[in-house]
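>
Residue numbers (my numbering), protein chains in the order written: chain A, 299 to 553; chain B, 4 to 325.
(1) Does the ligand SAH have a heavy atom nearer than 8 Å to the CB of residue 142 of chain B?
(2) Provide the residue(s) that pair with residue 290 of chain B in DSSP beta bridges, ordered along the chain.
(3) Along the chain, where does the beta strand (DSSP E) that runs through residue 418 of chain A open and close?
(4) Taking the straight line between their C-alpha atoms, what separation do you get for residue 151 of chain B and residue 540 of chain A?
(5) Take the Cβ of residue 14 of chain B as the centre, count every other Cβ of all protein chains shown within 10 Å, and call the residue buried at 16 or more, exposed below.
(6) Compare the C-beta of residue 315 of chain A with all C-beta atoms of chain B and state if any pair is closer than 9 Å.
(7) Express the C-alpha separation of residue 145 of chain B and residue 128 of chain B in angstroms, rounding to a whole number.
(8) Using the Cβ count rule (16 or more neighbours within 10 Å means buried), how would you classify residue 192 of chain B?
(9) Scan the segment 46–76 of chain B for residues whose Cβ lies nearer than 9 Å to a Cβ of chain A and list them as they occur along the chain.
(10) How close, in whole Å, do the beta carbons of residue 373 of chain A and residue 485 of chain A come, if the pair is a contact with beta carbons under 8 Å?
(11) Nearest chain A C-beta to residue 80 of chain B closer than 9 Å, yes or no?
(12) Kindly indicate which three-state DSSP category residue 201 of chain B falls into: helix, strand or coil?
(13) Considering only their Cβ atoms, is the gap separating residue 379 of chain A from residue 286 of chain B smaller than 9 Å?
(14) What residue ranges within the segment 380–453 of chain A form continuous alpha helix (DSSP H) runs of no fewer than 4 residues, ordered along the chain?
(15) Is the segment 541–553 of chain A touching the segment 14–25 of chain B in the sense that three or more CB pairs, one from each, lie closer than 8 Å?
(16) Exposed or buried, what is residue 218 of chain B when buried is set at 16 or more other beta-carbons lying within 10 Å of its beta-carbon?
(17) Do residue 271 of chain B and residue 216 of chain B count as a contact pair if the criterion is CB distance below 9 Å?
(18) CB-CB under 6 Å to residue 262 of chain B, same chain, minus the five flanking residues each way: which ones, in chain order?
(19) Which ranges would you report for the beta strand (DSSP E) in the segment 148–235 of chain B if only whole runs of at least 3 residues count?
(20) I want to verify the contact list: residues of chain A whose CB lies under 7 Å from the CB of residue 255 of chain B, in sequence order.
(21) Closer than 7 Å between beta carbons: that is the criterion. Which residues of the segment 518–537 of chain A meet it against chain B?
(22) What residues from the segment 145–172 of chain B come within 8 Å of chain A, judged by C-beta to C-beta, listed N to C?
(23) Below 8 Å, can you find three or more Cβ-Cβ pairs linking the segment 441–452 of chain A to the segment 48–55 of chain B?
(24) I'd like to know if residue 261 of chain B contacts chain A, where contact means its C-beta is closer than 9 Å to some C-beta of that chain.
(25) Give me, in chain order, the residues of the same chain whose beta-carbon lies closer than 8 Å to that of residue 407 of chain A; leave out the 5 immediate sequence neighbours on both sides.
(26) Can you name, in chain order, every residue of its own chain whose Cβ lies under 8 Å from the Cβ of residue 317 of chain A, other than the five neighbours on each side?
(27) Quick one: residues in its chain with C-beta nearer than 6 Å to the C-beta of residue 230 of chain B, no 5 flanking neighbours on either side, listed in chain order?
(28) Going by DSSP, what residue range makes up the alpha helix (DSSP H) through residue 43 of chain B?
(29) Could you pull the start and end residues of the beta strand (DSSP E) that residue 122 of chain B belongs to?
(30) For the beta strand (DSSP E) that residue 464 of chain A lies in, which residues bound it at each end?
(31) Can you give the Cα-Cα distance for residue 180 of chain B and residue 244 of chain B, rounded to whole angstroms?
(32) With 8 Å as the C-beta to C-beta threshold (strictly closer), list the residues of the segment 299–311 of chain B near chain A in chain order.
(33) Suppose you measure from the CA of residue 164 of chain B to the CA of residue 351 of chain A; what does that come to, to the nearest Å?
(34) Please tell me whether residue 377 of chain A has its Cβ less than 9 Å away from any Cβ of chain E.
(35) Could you work out which residues of chain A lie near residue 319 of chain B, taking near to mean beta carbons separated by less than 7 Å?
(36) Since I believe residue 182 of chain B is in contact with residue 463 of chain A (beta carbons under 8 Å), could you give me their beta-carbon distance rounded to a whole number of angstroms?
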């Protein structure tokens, strides 16, 4: 069995994100990290590989910084990695899906895992679109996954409001993984050393068979309208505590 | 191209998910005819529940649609959409129709998808606005393909129109589903436990998030909750870490709460959390990141290290309440 994991390098959540005078997102000082949701997907793939004797290929199409994320995946225990440099400005889910699907076609994974969404653009489309491109079946918001004796995937999906539903589906399949279904491991020193000898293949967009498939363009960025902000309370810890309690009591009458 | 905008209605257990009605509000933004599309096994009752809220209802019924499956729903919707060419198809950005179905519909209709929209309009094409980079920016996106458009709408972003009280025409169609091509086999639903001391009943909630830092620090949060007469709750990361039980989770995959007082401690304010608590009467946020989005929803904001402030705050509350 071969499992592929889609990994995305995303802008660090704490990054100061603003617009330049040209109205474009200023990304010169962006720092990237592995999308948190994908970390759970990698961990799940490695656990499954240990249980079901599978190999794990980690794949990313994105900024150069994604190489660090792929190395992390290798250090956690993935078998090999594939990287395609793609400019952030091309960020259209269909295009990303087409690139990833074309990379994965020769790999022929039985199972593809990704996080449920990216925590920068958050479209939550790419996993399902990759499935559609490859003719695989997909299920999103997966909180647990097992392979039955008949080779059928038994997954539990998370619904709104704390409800769940169990679904069986055949492989090959794409599952998008929700946080919290496992505890991602830290790469061991041995893992980090071993990762250096593992294959990290670099493909260029020009190596791939992709058309002009962009379907959605971003025409402008803007700041969200400012809400009436909270009344900020400042001072020493004691002064803040005292002022807050008296406001909640005297003004809002909730204490 | 017709003016029809199809709104795929979310339902379960014979009840329409009322947030689906917000889609009709999005149709107003598109100056379209609000056509509710209901897929299911027994759909007459569902059609009746929404016929006063929209311009027209199309119900697509088959025993193979008793449970939601992306393949089943797509088989029901795609051929009819290709025939009738609605200008757009909308769903909520929900766990079923938004995440599993919308990309499948877009893909099989050969069109793009703009997901989790907070606004939609026609502006030299179909345009959707969505929050990106953890809600620090709005990206305005436009589909560059002509024909049917597909978009998902954020829960709470659009207002459901006032009920017209008039019964819209209901078109009942039975559809043929090739069950061999339906790859999901749907099993049991597991309903959320109803627990005593449910956070949805609480008057005062003290909610802890990632900023709490360690499991040990939860003891201080617990002490504050006790002093203030409140119930402890959590944002998702703490539940994921196994520090607190899932029944205490506030947000889209947890509970929706409306207490008189909500203390958000070390919670950054991801949309998944905010949708579960923004209707609380008074919200207090304590976070060390002055740019944390939670401050946009709070009545009172404190930029501080939680662990430095929680002791004095507990003392102050204890002094007040004796």
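Every residue gets a Cβ at the ideal spot worked out from N, C-alpha and C, and that includes glycine. Keep in mind that this is a model prediction, so the values were computed, not measured.
Let me spell this out:
(1) No copy of the ligand SAH appears in this structure; indeed no ligand is present at all.
(2) B/306
(3) Neither: residue 418 of chain A is in no beta strand (DSSP E) and is coded neither H nor E.
(4) 58 Å
(5) Answer is buried; the Cβ neighbour count reaches 16.
(6) yes
(7) 7 Å
(8) exposed
(9) Within the segment 46–76 of chain B, the qualifying residues are 70, 71, 72, 73, 74.
(10) 3 Å
(11) Closer than 9 Å: no.
(12) coil
(13) No.
(14) 391–402, 424–432
(15) no
(16) By the 10 Å Cβ count, residue 218 of chain B comes out exposed.
(17) no
(18) 205, 206, 207, 208, 283
(19) 152–156, 172–177, 188–193, 207–211
(20) 458
(21) 518, 519, 520, 521, 522, 525, 527, 528, 529, 530, 531, 535, 536
(22) The residues in question are 145, 146, 147, 148.
(23) no
(24) no
(25) Spatial neighbours of residue 407 of chain A in its own chain (CB-CB distance under 8 Å, excluding positions within 5 residues in sequence) are listed in chain order as 300, 301, 302, 355, 470.
(26) 323, 324, 519, 520, 521
(27) Residues 317, 320, 321 of the same chain have their beta carbon placed closer than 6 Å to that of residue 230 of chain B, with the five preceding and five following residues left out of the count.
(28) Run containing residue 43 of chain B: none in the alpha helix (DSSP H); it sits in the beta strand (DSSP E), 36–43.
(29) 116–125
(30) 462–467 is the extent of the beta strand (DSSP E) around residue 464 of chain A.
(31) 42 Å
(32) 299, 300, 301, 302, 303, 304, 305, 306, 307, 311
(33) Rounded to the nearest angstrom, the two C-alpha atoms are 55 Å apart.
(34) Looking at the structure shown, chain E is missing, and the protein chains on hand are A and B.
(35) 539, 540, 543
(36) Between residue 182 of chain B and residue 463 of chain A the Cβ distance is about 19 Å, and since that is not below 8 Å, they are no contact.
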